[in-house]
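Enquirer: Position 33 (the sequence shown) corresponds to 35 in our numbering; numbering is contiguous. In this text, a Cβ means the ideal position worked out from N, Cα and C, and glycines have one as well. If you're wondering where the values come from, they're calculated on a predicted model, not measured in any experiment. I am attaching a structure below and will ask some questions about it afterwards.
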Amino acid sequence: MNLKKIFITSVKKLLLNSISLYQLLLSPFLGRNCRFYPTCSAYTKEAIVKKGIFKGVILSLWRILRCHPYSKGGFDPVK
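And the structure:
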């Protein structure tokens, strides 16, 4: 395995583990604020797994920007 692949895999694992930690430790205390299904954190994990780090993070940022009190929300899967 080359160095680039090791780096990308490590960053991907770090991001996914960080999101899992957020979901486990912090999210329960913040309550259900996400207007979408799946939640923004679940969407981010799925986007990173399906689309890769770069595109997954971009999709997630766009999703988070759309998640606000004036948004309709609803079902919004990773496409």
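#1: Use the C-beta contact count for T46: other C-beta atoms within 10 angstroms, 16 or more gives buried, fewer gives exposed.
#2: Using only the alpha-carbon positions, how far apart do V51 and K57 sit?
#3: Name the two residues that bound the continuous alpha helix (DSSP H) containing L17.
#4: Name the one or two DSSP bridge partners that F38 has.
#5: Under the three-state reduction of DSSP, which class applies to G58: helix, strand or coil?
Expert: Working from what's here:
#1: buried
#2: 10 Å
#3: L5 to L23
#4: G76
#5: helix
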